[in-house]
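Number of protein chains: 4
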Amino acid sequence: MGLQFRNPLTKNVDNTGFSNISSAEGGRLVQKDGSSNLRKTGVPFWERFSLYHILIDMPSWKFLATIFSFYAVINVIFAIVYVIIGVENLQGIQVEHANVLSGFSEAFFFSAQTLTTVGYGHIAPVSVSANIVAALESFVGILSFAMVTGLLYGRFSHPRAYMKFSEKALVTPHKGYNSIMIRIATYKNNHLTDVEAQATLAMHINENGKDITKYYRLNLEISKIASLALSWTIVHLINEDSPLYDLSYEDFKNADIELIYFIKGFDEQFSNIVQQRTSYTVEEVEYGAKFTPAFHRSEDGTTTILEIDKIGAYERVDIFQHKTEKV
Amino acid sequence: MGLQFRNPLTKNVDNTGFSNISSAEGGRLVQKDGSSNLRKTGVPFWERFSLYHILIDMPSWKFLATIFSFYAVINVIFAIVYVIIGVENLQGIQVEHANVLSGFSEAFFFSAQTLTTVGYGHIAPVSVSANIVAALESFVGILSFAMVTGLLYGRFSHPRAYMKFSEKALVTPHKGYNSIMIRIATYKNNHLTDVEAQATLAMHINENGKDITKYYRLNLEISKIASLALSWTIVHLINEDSPLYDLSYEDFKNADIELIYFIKGFDEQFSNIVQQRTSYTVEEVEYGAKFTPAFHRSEDGTTTILEIDKIGAYERVDIFQHKTEKV
Amino acid sequence: MGLQFRNPLTKNVDNTGFSNISSAEGGRLVQKDGSSNLRKTGVPFWERFSLYHILIDMPSWKFLATIFSFYAVINVIFAIVYVIIGVENLQGIQVEHANVLSGFSEAFFFSAQTLTTVGYGHIAPVSVSANIVAALESFVGILSFAMVTGLLYGRFSHPRAYMKFSEKALVTPHKGYNSIMIRIATYKNNHLTDVEAQATLAMHINENGKDITKYYRLNLEISKIASLALSWTIVHLINEDSPLYDLSYEDFKNADIELIYFIKGFDEQFSNIVQQRTSYTVEEVEYGAKFTPAFHRSEDGTTTILEIDKIGAYERVDIFQHKTEKV
Amino acid sequence: MGLQFRNPLTKNVDNTGFSNISSAEGGRLVQKDGSSNLRKTGVPFWERFSLYHILIDMPSWKFLATIFSFYAVINVIFAIVYVIIGVENLQGIQVEHANVLSGFSEAFFFSAQTLTTVGYGHIAPVSVSANIVAALESFVGILSFAMVTGLLYGRFSHPRAYMKFSEKALVTPHKGYNSIMIRIATYKNNHLTDVEAQATLAMHINENGKDITKYYRLNLEISKIASLALSWTIVHLINEDSPLYDLSYEDFKNADIELIYFIKGFDEQFSNIVQQRTSYTVEEVEYGAKFTPAFHRSEDGTTTILEIDKIGAYERVDIFQHKTEKV
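Line by line, the protein sequences give chains A, B, C and D. Residue 186 in my numbering sits at position 206 of the first sequence, with consecutive numbering throughout. Residue 30 in my numbering sits at position 50 of the second sequence, with consecutive numbering throughout. Residue 61 in my numbering sits at position 81 of the third sequence, with consecutive numbering throughout. Residue 162 in my numbering sits at position 182 of the fourth sequence, with consecutive numbering throughout.
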C-alpha cells in the first residue's frame, strides 16, 4: 500500500515518538479514545499496570461493583476464619443445633460489623484467637476504608478533558482550497483556556523500496485559542505547504493515512492542564462535507445555546478538484 | 446597533474562542462572575455537569445543608426498609403496643447508629434479613463518609483566585490620552506571583451589511507584574493604537461593547495557577473618573494597610475630548 | 532619608507589584519569612483569611493542640446538652445520688464515644431526644473526622521549598568588582530542578523633591541552575550596570535599601513548583565578608557532605574601595 | 586521574548546580536511581527528612509493615496504661485469678477495639480514669486513621515517571561518527507527552595543576519528542562539537567521566510533570555495541508489542577508530 510521495516541499518530522518502521507496527497507531495501540511485555503483570489509575478511570458502576465485591470477599474470608476457629468463641452468637451454615452466616455478619467498625457488640470475640482475628480485621477495615477514600477522591479530582470530537474529519472547501476540518467542544460545565491543537499525519510510504511510516505536522489555520467555551473547528488548509496537496481523490482514499489530533488546555475547574488525543483513519474522513452550525441564540435572547449532539453534524458540499486541474 | 469602524490601524483577533456571528449570540458574552453566558444541550442531564465541581464550588452553608439532607434521607430510606422487614428483627428495640411511628423512629435511630458506624449495640440486628440490610448500610456509611472526606478536601484545596475587581471600569485621563482603567486586589492572606492580565474588546460591528462580532486585544501599559500583594490598576491607553481611539463619547456610549478581562497568576498558598475572568458592559463603564488611593501607611508606621472595600472607589475628573479636537 | 541617585545608566522597573509611593508604605516591604508586610482591611474578618491555609501552615504541635481543643470543646458542648435533656435518657449511666458533676462526666464520656463513633453501647440513648442528639453528634463526628483527614493530607502534601538562606547578604570582592552574595541550600532530602533566582533592589529616592520608592532588577551572574542539590551562591556584581555601582560605603550604609530575593524551582518530591522569598535590609548586609565552604568530601571518600548550619558562615575580607578611587 | 582536555571548541557549563571542586566531592555525583550522592549535616535529624515523603516512597510491603507495627505498638502502650490503671476499671473483662498476662491481653484487645473505633462494648470503661484514657485513645485512633488515609492517597497519587533506562550506555557508530546512546521506555500503562531529555557530562580535569570537575552539555540528535509511547533511543553524536570528540579509546576508558541523563515529561495519568534522572559511569558504558529492536508487530497484526525487558538489549558492532585516523 506504500504510496510514492511527490510534493518535494513537505518535510517529515521525526520527533513524534512513534516508530517509522512500518513492518513493526500493527493496526492504527492511536485508538479512537486517544490511547496508543500498544501492548507491553517483559514486565511482571502487576508492574505493567497502575492499579490506582485503572480504578480511578473505570466507569462509576464498575468501580462500585469492584468495591462491593471486595467488601463481600473480605467478609467471606474472615467468616471462614471465624468458623475454623469455632463460632463458640463469638459471645452472643445464635447457632441452632450446631448448624454450620447458620454459624457461617452469623460469623459473616460479625465480620461485617468488625470490618466497618460498626461493632454493635451483641456478638463479641471472647477467646484470644477470636480477639486476634477481630483486631486484625478491624485494622484491615481501617486500611480498606482509607484506600476507598483515596480512590474516591482520586476519581473526583482526576483532571479530565470532558471533550467531544466530531465523529468524522471532513474535507471541506475553504478559502480557495480544500481543507481538513474537525470540530470539538467541551460537554460539561467546564471551561478551558490557552487551548492548543496539534495535528499530525501518519502515512505509509514506499521509499527506496522499503515500507516506512512517515509523520508530517499539519499546519492549522488557528492552532491556539484563548478560551474554549463554544465549539472550535480545527482547520488544516490543503494548500501548497500541505503534505496532502498533490494527492488526488484516489490517492487520498487509497493511502493508509491516519490523522492524529492532540488538544491541550488549562481547565479552570481542575486548575490543571488537561489533554485529549484522537485519530481519524481514512474510513473516518468524509470527503466533500461541511459542518452545520452547532450553536444559536436562545429564544429569549439572553444567552447562547450550544448543541453538543450536533458537534459532528455536517452536510454535503462540492469540493475543489484542483488535483485534476493541475495534472 | 452595528457600528461602522473607522480606525484602519486596528486589527481584530480571531483566536478568542468566542463566536463572531452576532445573530447566534444572546446577551453578554462573559458574566460578571467570569463564567460564559452559555447553555449546553444535547447531552443527558447528568453528563452536562460535574457533580463534584458543583459540590466543591457551592457556598459552605449550602454544602453542609446538602450533606445533612443526604444523611437524613439515607436514614429515612433504611428506616423504612427496617420497618418493612419488621422491627422485631432488631433486638432491644422498645416498641410500645406495636406503634408504627414509634417503630419507625427507633428504626431511624438504629439506622443512624449503623450508617455512622457508631453501633452502640443496645439495638442490634438478629435475623438474617436485618443483618444483611445492616451490613449493607454500614457499607453505604463507609462509602458516604469516604465521599464526604473527598468533597471536603476538594473544597479546601481547590485553587481559587480570591480576587476582587473594581465594580466599574473607568475612563480616566492618563499620559495625555484617555485610558480605560480597572483595579484589582486579592482580599485574603494570599499572594500571587507572575500575574498576567489580558483585556479583550468585543464589539458588534456592521461589516458589508452584516452584523458581526469582532474582538480586539487591548494593549495594557503593564500586562505582567512580578507579584500581586497590593492593588493593581490595569491601564489601557486609548492612543493611536487603540481600537477605541477614534470613537466619540456618543459612539462609545452607543456601542454594544464588552470589555473582557482575564487575570492569571501563580498562587503561593495553593502552589497552583489561579485564574479569574470578568467583563464590563457599557453600563459598567464610568466615563470621566479616576480611582482614589486604596492603601496607606499604618499609624505606627511599621506596615502598609490595604483597604479592600475601596478597591472600586473613584472620584470625578475631566477627560480629554480629543475626538472633538480631531474632527 | 531620600538619596539622590546618580548613575544615569540604571533603569528602574515598574512591574514589581510593590507601590512607589514612599509615604504610603510602612516598615520593610518583605518580611524575613518572605511574606508581604501588609494588612488588609475592609473585608469581614472571616473573609480576610483562608482558615484552611492557616491550619496547614501552623507548626505541628499547634495544629495538634488546636484539633485536640476542638475535640474537647465539642464534647463539653454535647455533654451539656445531654445534661440539659437529662442523663436519665442515657441507658446504663451510673449517676450516684443525682450528682450533677458525675452526670456531666458520664455524659462527656458518652459524648466522646459517640463523636469518635467508638460507641461501646454500655451507655446508650433511649429517649427520642437523646437519640436525636446522638444521631446529630455522630454526624458531626463523621464530618469533623473528614475535615481532620483533609487537613492532615493538606499539611502533608502542601508543597514547601524547605530552603535555607544565609542570615546575611555579603558584600564580597569578586572578578575585580565588589558583589552582593547570598547563599541558599535545601535542608531536607528534597531536590529542586530548574531553579531560578531574582533579585530586586528597593530604594527610597528623592526625585524632584518627592520621596518615592524605586525598584531595580539586580543582574545575577547565574540566575538559573539546572538542579539545586548542593548550596548555591547567588551573586550580583556591582559593576557599571548595577544601580549600586556609584554608591560609596556611606551612601550604602545610609540608604534605606531593601534587597528582595525570590527563588523558584520544581520540587521533585512534591512534583510541583515551590517558591521562597526573603529580603535583606541594610542591617542584614555584611560589608566586606565572604562565605566559607559549606561542603566537603566524606571521610570514606564515597559521598559529599553538605553542612546546612554553615550556609551563612563567612569570614572577613577586604573589599574594593573603587568609589574612592573614582572620585 | 585528571585528564588534559584538548578540544578548544568545547565550552563547559557552570549552571548545573553541581560543584566544580573535585577535592570536595566523593564518589559518583548521581546515583543509579537518580538521587544525588550527598549527605546533609547541621540540621536536627527530624528536620533533615520529610517523613511523609519517606513513607510514600517506600515499597508497599514496607509501608504496610510500618503501619501494622505502629498499630501494634500503640495498642501495647495503651494496654500497659489500662493495666497500670487497673483492668477492674474495664467492665466485662474476664480476668482469671488476677492473672497479669491475661489482664494485659484483655486490655490489649479492648485497646484495639477502641483505637479502631469498633467498640463492641462487651468490654467498656467504667471509672473516670479508664474513660479518660479510652476517650484519648479513640481520638488517637481517629487521627491515626486520618494520617493513614492521607499517606495512602499520597502513595497513590504521587506522580512517578515509571521509566526504565537501559542498564548500559552504548558507544555505537551512527551517521559517520561514533555516538553515545541510551534507550528508555515507560513500563506501565502510562503515556508521557512533550518529553525532553538532557545529557550532561561530568569530567575530572587537570587545569593549571588543579583537579577540578567540569560539566559539558551533550547535544542530542533529538532532545524533545511529542509523545513517549514506544521506546526512545537518546543519541549524542561524538562529532566535532562534542567534548568527547578528540578522546581516544584509552582516554575514554581512563577518564573518570560520568554521563548524567535527565528526562522530563507530562504524564497524562497523573496530569503532572514527571522527571527521572540517572547516570552512567565509565564502567556502565559499553564500547562498540548497538541496541537490538525492542518492539514488533503482534501476530494478529492489530497492535504493536513493546518488550520492556529488552530495553537494554544490545549486540556487538565495530566502531569508528577515527581518533587513530586523525592522529
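From the three backbone atoms N, C-alpha and C, an ideal C-beta is built for every residue, glycine too.
Cβ neighbours of residue i in the same chain (closer than 6 Å, five flanking residues each side left out)
i	result
residue -7 of chain C	195, 197
residue 68 of chain B	none
residue 147 of chain A	292
residue 135 of chain A	36
residue 290 of chain B	274
residue 161 of chain C	150, 152, 213, 215
residue 190 of chain B	none
residue 49 of chain B	none
Whether residue i touches residue j by CB criterion (8 Å)
i	j	result
residue 292 of chain B	residue 282 of chain A	no
residue 205 of chain A	residue 175 of chain A	yes
residue 214 of chain A	residue 241 of chain A	yes
residue 149 of chain B	residue 239 of chain B	yes
residue 112 of chain B	residue 72 of chain B	no
residue 56 of chain A	residue 88 of chain A	yes
residue 63 of chain A	residue 84 of chain A	yes
residue 233 of chain C	residue 262 of chain C	yes
residue 225 of chain C	residue 266 of chain C	no
residue 4 of chain D	residue 275 of chain C	yes
residue 45 of chain A	residue 115 of chain B	no
residue 19 of chain D	residue 159 of chain C	no
residue 25 of chain B	residue 163 of chain B	no
Backbone CA spacing between residue i and residue j [nearest angstrom]
i	j	result
residue 305 of chain D	residue 220 of chain D	Residue placement at residue 305 of chain D is poorly supported in this model, since its pLDDT is 44, which falls under 50; the coordinates still yield a value, given next. Going by the C-alpha atoms only, they are around 14 Å apart.
residue 168 of chain D	residue 144 of chain D	10 Å
residue 299 of chain A	residue 152 of chain A	6 Å
residue 36 of chain A	residue 246 of chain C	26 Å
residue 297 of chain B	residue 244 of chain B	31 Å
residue -2 of chain D	residue 284 of chain C	11 Å
residue 21 of chain C	residue 29 of chain C	11 Å
residue -16 of chain C	residue 230 of chain C	Its pLDDT being 49, under 50, residue -16 of chain C is placed unreliably in this model, and the coordinates cannot settle the point.
residue 252 of chain D	residue 39 of chain C	28 Å
residue 179 of chain C	residue 223 of chain C	12 Å
residue 237 of chain A	residue 212 of chain D	23 Å
residue 269 of chain C	residue 156 of chain D	54 Å
residue 188 of chain C	residue 264 of chain C	30 Å
residue 59 of chain B	residue 105 of chain B	13 Å
residue 139 of chain D	residue 138 of chain A	12 Å
residue 51 of chain B	residue 23 of chain B	30 Å
residue 79 of chain B	residue 34 of chain C	52 Å
residue 301 of chain A	residue 141 of chain A	37 Å
Whole-Å CB distance - residue i paired with residue j, under 8 Å assumed
i	j	result
residue 2 of chain C	residue 154 of chain C	Contact flag wrong, Cβ pair sits at about 32 Å.
residue 200 of chain B	residue 177 of chain B	6 Å
residue 126 of chain D	residue 65 of chain D	Contact doesn't hold; Cβ gap of about 27 Å is too wide.
Own chain partners of residue i with C-beta closer than 7 Å, once the 5 adjacent residues on each side are dropped
i	result
residue 288 of chain B	144, 165, 167
residue 47 of chain A	128
residue 326 of chain B	Residue coverage of chain B in this structure runs from -19 to 307, which leaves residue 326 of chain B outside it and unanswerable.
residue -19 of chain D	With a pLDDT of 39 at residue -19 of chain D, under the threshold of 50, the modelled position of this residue cannot be trusted, and the question is left open.
Close-in-space but distant-in-sequence residues of the same chain around residue i (CB under 8 Å, 5 per side omitted)
i	result
residue 171 of chain B	207, 208, 209, 247, 248, 249
Given 8 Å, three or more beta-carbon pairs between the region 2 to 18 of chain B and the region 248 to 264 of chain B: yes
Contact the region 117 to 129 of chain A vs the region 85 to 105 of chain D: 3+ CB pairs below 8 Å: yes
Inter-stretch contact at 8 Å, needing at least 3 Cβ pairs: the region 128 to 139 of chain B / the region 128 to 139 of chain A: yes
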